[in-house]
Structures are given as C-alpha cells and as structure tokens.
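To start, the structure under review is shown below, and the notes come after it.
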Amino acid sequence: MLHPDRILAEEDGKAYAAVNRDIPELMRSSSGGVFSIIARHLLSDGGIVYGSAFDKNMQLIHTAIEDKDKLHLLQGSKYLQSLNDGIFKEIRTHLRTGRKVYYTGTGCQVAALKLYLRKDYDNLFTSDILCHGTPPQNVFNFTLKSLENRYKGQVVDYKFRDKKVWGWSCSSSCSIKSGNRIRYIGYDKSMDAYFNAFIDAVNYRESCYKCPYAQSRRSGDITLADFWGVEKYIPVPNKRNGVSAILVNTPKGQKLLQEIVNSMDLYDADIKDISVINRTLTGPTTRPPERDYFFTDFEKNPGKTMDAYTRQDLKRHMVYLLKRNPLTNALINRIKSLT
Ligand SMILES: Cc1cc2nc3c(=O)[nH]c(=O)nc-3n(C[C@H](O)[C@H](O)[C@H](O)COP(=O)(O)OP(=O)(O)OC[C@H]3O[C@@H](n4cnc5c(N)ncnc54)[C@H](O)[C@@H]3O)c2cc1C
Ligand code: SF4
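For the sequence shown, my numbering begins at -18 and goes up steadily by one.
Here it is as structure tokens:
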C-alpha cells in the first residue's frame, strides 16, 4: 500500500461551503458542482480534464474530456471503482508539453498518479473526492442486469444521485432503451438495494477498510465533498441545489479557488463540522461483520444477496409517481404561481 506521508498535504485544508447559483448544468452534479466549475475554468484555458465516466457498456473508466459539451459524462458520483488503465502515461505526456491537466479521483487514485509522476508539475491540478469506499464493477453489473430483465431493454444511463425528483439527496435513477424508446426510471427496488448495500459498507474492496487517505490531510489540491447538515452551521440559501464542502489543501489549490470564486457563493466553514457526518475525514470506514460473507453469498446467489438490502419505501415511491405525473405537476405549478 502507498505510504500517505509521501503524498498528503502538510496540514489540514482550509474549509469552505460552496453553493451553486442555480446554474442548470450544475444540477447534474451530485453536490454543489464545484468539480464542474473548476473543470470549465481549466477547459477554457486549453486544459484537459480527467474523471470517471461510463463507457457504452456501462463499465466505469477514467476518461479525458477536452470539450465542455462532454463534461456531463464526468459529472455525478458513481458509487463503484473506476479503472485508470493506461491514463497516467497519457497525463504525463500532456504535462510535459505544458498543457494544463485537471485530474479528479478518489484519494488513493490522486496519490497513485502523484507517485507515478514522481515530481510536481505546475500545470497539474488535482481534486480528491472524499470517499468512504468503492464496490467492484461486478456488483453493479448485477444491478444493471436486473433492471434490463425487468424493463426489457438496455440501461444507457445511470445516476446514483439524481436531483430531478428529490433535489440534493441520495435518490438514484436510470434510463432504459428498448427499440427507439428511452424510459426514465426514478424508483426501483434494485437501485435502492445497490445504494443501501453501498451505504451499509458491506461490499467495498478490502483495501478501503484500511484506507490511509481517510484523514484530514488530503492528496488533492482541493478536496470535494458533500456538506451534509450544512444548515446547522451556516445559513446557506438554495440548499436544494446541493452544497459542496471543499478543503483547500495546497497553495496551488488556493490560487485555483481565487480564479473561480466569482462562479459560486463561498462561506467559511470548519472542518470539524464537515467531519460530523463525513467520518472518513478522521479514519477509514469500519468493516461490518457482513463483509465476511457478502462476496461468497453474492457469487452463489447474487439475487438473494442483493434482495436482503431492499428496503421498499412505499411513501417515497408514491410521491415519486405523483411528481412524475404531468397532471399533478401542472397542479403544483399552478398553486405555486398563485402563492
Ligand atoms: C465512491 C464515492 C464515495 C464518496 N463518498 C463521499 C462521502 O463519504 N462523503 C462526501 O461528502 N462525499 C463523498 N463523495 C463525493 C461526493 O459524492 C461528490 O462526488 C463530490 O462532492 C463532488 O461533487 P460535485 O458536485 O463537485 O461534482 P460532480 O459533478 O458530482 O463530480 C463528480 C466528480 O467525481 C468524480 N467521480 C465520480 N465517481 C467517481 C468514482 N467512482 N471514482 C473516482 N472519481 C469519481 C468525477 O470524475 C467528477 O470529478 C463520494 C464520491 C464517490 C465517487
Ligand atoms: S476508501 Fe480509500 S482506498 Fe477505498 S477507494 Fe476510497 S480512497 Fe481509495
């Protein structure tokens, strides 16, 4: 395992809450959209952005984006491991030509890139995503198969955190293509089961339970996270669109933040408040006893294993159906226009 002291910032980062300004593109982001703001800024300057995207077979891989119109592929948290095969060499080539590179990934991925490069480059900017663990792709593949069998089509898009129905929340959705038709699914028991198993931490890779990057000294120039519970500490407006917690860990990160500060509303924050829910700022996720048998059970009977994490929420399902109904929506909009 990599030794964190070779990579991590010297001190805890300076903490902020960042609220996005109702910009529609940022609604595709999971939290306050700081990733997109930084990425757009560096793309405008001729840079290249690396982050995690699904390929056409819904396999998660780190991908390079050079065009703002494709940035949506990287937006949004994907709760599984993203492969980085072969890209570090490509990144080094860009850096050597003087091009600005923005690399985003989990703490261990940012650290791995820095170890590969062996030296600091002024034109490399990094963000580590605050992370409590990643399940392997095969667990997610089973969820995709279940959805495809149930809805008789192919999953062409999957959002782990879709703000469309519930705003800033942990509600998943997917789009399924059958023939020429694309159907949007905003509630399904297999999507819920995947999310619950992830939150219960039963299916992370073994190394995540001993993660050396789960601490307040971080591997990226700027750490990106959700600021859950922000209203207890800072009176932010517009919470529904998502609020990011950011830690600025290096002078390079501080300079970058100054360059983008006009694109969002920033508030001073205390890292202790961010850590109340984000326990991985103080140590790795506890390995639950179920982790001992999750993968052996999953190999024998994936359906039964995942079903154990289904907690059907009838109320949520009903509200979702009502909100998706055009008549109810029209009625809600009419009432809003009168008040
Ligand atoms: C596996 C995982 C666990 C997380 N755990 C926490 C947590 O415990 N607490 C917390 O506050 N926040 C956590 N986050 C981070 C949070 O969900 C948001 O991704 C983060 O706040 C950035 O949001 P944003 O609105 O700025 O950008 P978004 O537009 O949502 O950008 C997402 C960024 O994350 C990157 N990314 C997405 N999925 C992956 C992946 N699987 N591997 C590597 N990079 C990825 C993308 O490349 C992009 O840079 C986690 C994210 C992931 C992927
Ligand atoms: S928990 Fe640690 S080891 Fe696991 S993916 Fe996140 S940063 Fe990497």
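Where is the CB? At the ideal position from N, CA and C, for every residue including glycine. These numbers were taken from a predicted model, which means no experiment stands behind them.
| Asked | Found |
| --- | --- |
| Is the closest heavy atom of ligand 2 to the C-beta of Ser108 under 6 Å? | no |
| The beta strand (DSSP E) with Tyr(-3) in it runs from where to where? | Lys(-5) to Val0 |
| Can you tell me where the beta strand (DSSP E) with Ser256 in it begins and where it stops? | From DSSP, Ser256 is part of no beta strand (DSSP E) but of the alpha helix (DSSP H) over Ile252 to Ser256. |
| So, at 6 Å on beta carbons, what are the nonlocal neighbours of Lys281 in its own chain, with the 5 sequence-adjacent residues on each side left out? | none |
| Would you call the stretch 10 to 22 and the stretch 223 to 232 touching, i.e. three or more CB-CB distances under 8 Å? | yes |
| Ligand 2 and Thr267: does any heavy atom of the ligand fall closer than 6 Å to the residue's C-beta? | no |
| Measuring alpha carbon to alpha carbon, tell me which residue in Arg73, Val137 and Trp149 is nearest Lys158. | Val137 |
| Is it true that the CB of Tyr97 sits closer than 7 Å to the CB of Leu23? | no |
| I'd like the list of long-range same chain contacts for Trp209, defined as Cβ closer than 7 Å, with 5 residues on each side in sequence excluded. | Ile258 |
| Which same chain residues, not among the five before or five after Ile252, have their C-beta less than 8 Å away from its C-beta? | Asp(-7), Gly(-6), Ala(-4), Ser197, Leu228 and Leu262 |
| In the structure shown, what three-state DSSP assignment does Lys59 receive? | coil |
| Are there any heavy atoms of ligand 2 lying less than 6 Å away from the beta-carbon of Tyr194, as far as the coordinates show? | yes |
| For the stretch 58 to 106, which segments carrying the alpha helix (DSSP H) assignment without a break, of at least 4 residues, lie completely within its bounds, in sequence order? | 68 to 77 and 88 to 98 |
| Distance check for Ala289 and Thr107, CA to CA, integer angstroms please. | 38 Å |
| Give, in chain order, every unbroken run of the alpha helix (DSSP H) that is at least 4 residues long and sits entirely within the stretch 214 to 242. | 232 to 241 |
| If contacts are defined as beta-carbon pairs under 8 Å, then Asp202 and Leu237 qualify, I think. What distance do you get, rounded to the angstrom? | 7 Å |
| Give me the residue from Arg21, Asp48, Ser58 and Ile19 with the minimum Cα distance to Ala34. | Ser58 |
| Using 8 Å as the Cβ pair cut-off and three pairs as the minimum, do the stretch 76 to 93 and the stretch 110 to 117 touch? | yes |
| Specify the secondary structure class of Glu(-9) as computed by DSSP and reduced to three states. | coil |
| Run the proximity test for Thr87: is its beta-carbon closer than 6 Å to any non-hydrogen atom belonging to ligand 2? | yes |
| Compute the beta-carbon to beta-carbon distance between Phe176 and Cys151, rounded to the nearest angstrom, for a pair I have assumed lies under 8 Å. | 6 Å |
| Note down, in chain order, each residue of its chain lying with its Cβ closer than 7 Å to the Cβ of Tyr190, except the 5 sequence neighbours on either side. | Pro265, Thr266 and Arg268 |
| Between Asp36 and ligand 1, is the CB less than 6 Å from at least one heavy atom? | no |
| Below 8 Å on the Cβ atoms is my contact criterion, and I expect Gly27 with Lys81 to pass it. Report the Cβ-Cβ distance as a whole number of Å. | 7 Å |
| Kindly give me the distance between the Cβ atoms of Pro117 and Arg186, rounded to whole angstroms, as I take these residues to be in contact under 8 Å. | 6 Å |
| Flag this pair as touching only if the stretch 122 to 139 and the stretch 168 to 182 have three or more C-beta atom pairs under 8 Å; answer yes or no. | yes |
| Who pairs with Ser321 in a beta bridge, going by DSSP? | It is not possible to answer for residue 321, since the shown part of the chain is limited to -18 through 320. |
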